[in-house]
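Enquirer: Numbering (my numbering), first residue to last: 185 to 512. Positions of the beta carbon are idealized from the N, C-alpha and C atoms, including for glycine. Computed from a predicted structure; not experimentally measured. Let me begin by handing over the structure; questions about it come next.
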């Protein structure tokens, strides 16, 4: 079947009125049930979501995918469809997923549905989500409100590794590795709040994958230099990294280093970090300095050199002039 059909060709045929909706739905369900390709299965579910399906038979198919599919990407798509079109029928299923699914992608998908958790019908779901985030907070040593950001970081790692499961042990390593440029640990936590963060996708992932090398890495005068060299050799950076919007939850954050992450666009929520005094965005792929950066009233040091910025608006130029140090 896949030789002739794909989710895209089915959707295109429906839009061009070459097939009717019922046939398109049946074909998509067939792909979900028989395809060996996780991408095909997840895209088929996503297209069913676009079609605003509501038939009971479809819920059973998607519920089965959510509970039994080996691919976190497929389960992620299933969460979105159930949350959008079968929430009443799917509350118990979503609750079970929070209790048992090991991938951060599926749990993140449930939280990102932005459900009205004050609704009494969602009481059990709300309870499980709160307990899930509380467990993350306890292990990392932070308040529960900041745990969503940690979950989102875990989801970033899961996007590039099909069998990735939530892994929090490495965070104890991040609190012991020094970023000499920042003058802080990769992750500095005080009074259960993240106050300093030096996040480089490759470096963090390397430590996750090689916990046995932690002592050797930590004994280096500057671990970041060594790890950056490895990143260049193996070219394992996560291209076009998207920093989670939930970074705004780090309300006590004072220093932030996001250099060398291939970032193209910054989340606007980042400019709500009212306590931020140091920001390093150097060696990324930014083509502008967002005007929202002027909302960072406490900032006194900005490093944004080695990007693709060709023009600086007057309002940004005036803002930069008030900083103690900046590099463009």
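In terms of residue numbering, what span does the beta strand (DSSP E) encompassing residue 380 cover?
Expert: That run of the beta strand (DSSP E) goes 377–382.
Enquirer: Just curious, the beta strand (DSSP E) that residue 462 is in, first and last residue?
Expert: First-last of the beta strand (DSSP E) with residue 462: 462–464.
Enquirer: Hey, residue 437 and residue 459: beta-carbon distance below 8 Å or not?
Expert: The answer is yes: Cβ separation under 8 Å.
Enquirer: Would you say the beta carbon of residue 464 comes nearer than 7 Å to a heavy atom of the ligand PLP?
Expert: With respect to small molecules bound, the structure shown includes none, and the ligand PLP cannot be examined in it.
Enquirer: Output needed for residue 499: all residues of its chain with C-beta closer than 7 Å, excluding positions within five of it in sequence on either side, in chain order.
Expert: For residue 499, where only same-chain residues beyond five positions count, the Cβ hits under 7 Å are 475, 478.
Enquirer: Tell me residue 509's beta-bridge partners as DSSP assigns them.
Expert: DSSP, once it has assigned bridges, lists 485 as partnering residue 509.
Enquirer: Between the C-alpha atoms of residue 417 and residue 296, what's the straight-line distance to the nearest angstrom?
Expert: Any reading at residue 417 must be qualified, since the residue scores a pLDDT of 45, below 50, and its modelled position is unreliable; the value itself is stated next. Approximately 36 Å between the Cα atoms of the pair.
Enquirer: Hey, how far is the Cα of residue 421 from the Cα of residue 386?
Expert: Residue placement at residue 421 is flagged as unreliable, the pLDDT there being 49, under the threshold of 50; the coordinate-derived value follows with that caveat. The straight-line gap from Cα to Cα measures roughly 5 Å.
Enquirer: Leaving aside the five residues before and after residue 496 along the sequence, list all residues of the same chain whose C-beta is less than 6 Å from its C-beta, in chain order.
Expert: Excluding residues within five positions, none has a Cβ falling inside 6 Å.
Enquirer: Who are residue 363's beta bridge partners in DSSP?
Expert: Answer by DSSP bridge pairing, in chain order: 368.
Enquirer: With H, G and I counted as helix, E and B as strand and the rest as coil, what does DSSP make of residue 440?
Expert: Correct three-state label for residue 440: strand.
Enquirer: Please determine if the region 208–222 and the region 243–261 are in contact, where contact requires at least 3 C-beta pairs separated by less than 8 Å.
Expert: Yes, the region 208–222 is in contact with the region 243–261.
Enquirer: Output needed for residue 329: all residues of its chain with C-beta closer than 7 Å, excluding positions within five of it in sequence on either side, in chain order.
Expert: Here the set comprises 433.
Enquirer: May I ask you to report which of helix, strand or coil DSSP gives residue 495?
Expert: It is coil, neither helix nor strand.
Enquirer: Across which residues does DSSP place residue 373 in a beta bridge pair?
Expert: Note: residue 373 sits in a beta bridge opposite 378.
Enquirer: With three or more beta-carbon pairs closer than 8 Å as the criterion, would you say the region 350–362 touches the region 315–328?
Expert: Contact between the region 350–362 and the region 315–328 is present, because at least three Cβ pairs lie under 8 Å.
Enquirer: Residue 428 by DSSP, collapsed to three states: which one?
Expert: Note: residue 428 maps to coil in three-state DSSP.
Enquirer: State yes or no: is the C-beta of residue 447 within less than 8 Å of the C-beta of residue 470?
Expert: Going by C-beta atoms, residue 447 is nearer than 8 Å to residue 470.
Enquirer: Secondary structure at residue 210, three-state DSSP: helix, strand or coil?
Expert: In this structure, residue 210 counts as helix in the three-state DSSP scheme.
Enquirer: Measure the beta-carbon distance from residue 428 to residue 336 and round it to whole angstroms, keeping in mind my assumption that it falls under 8 Å.
Expert: Going by Cβ atoms, the distance from residue 428 to residue 336 rounds to 4 Å, so yes, they are a contact pair.
Enquirer: Assuming the contact rule is C-beta atoms closer than 8 Å, residue 390 and residue 411 should be a hit. Round their C-beta distance to whole Å, please.
Expert: That pair is a contact at about 6 Å.
Enquirer: Tell me whether residue 240 is buried or exposed, calling it buried when 16 or more other Cβ atoms sit within 10 Å of its Cβ.
Expert: Per the 10 Å Cβ criterion, exposed.
Enquirer: In this structure, does DSSP put residue 199 in helix, strand or coil?
Expert: Correct three-state label for residue 199: helix.
Enquirer: Go to residue 349, then tell me how far its alpha helix (DSSP H) extends in each direction, as first and last residue.
Expert: Note, residue 349: premise wrong, no alpha helix (DSSP H); not H, not E.
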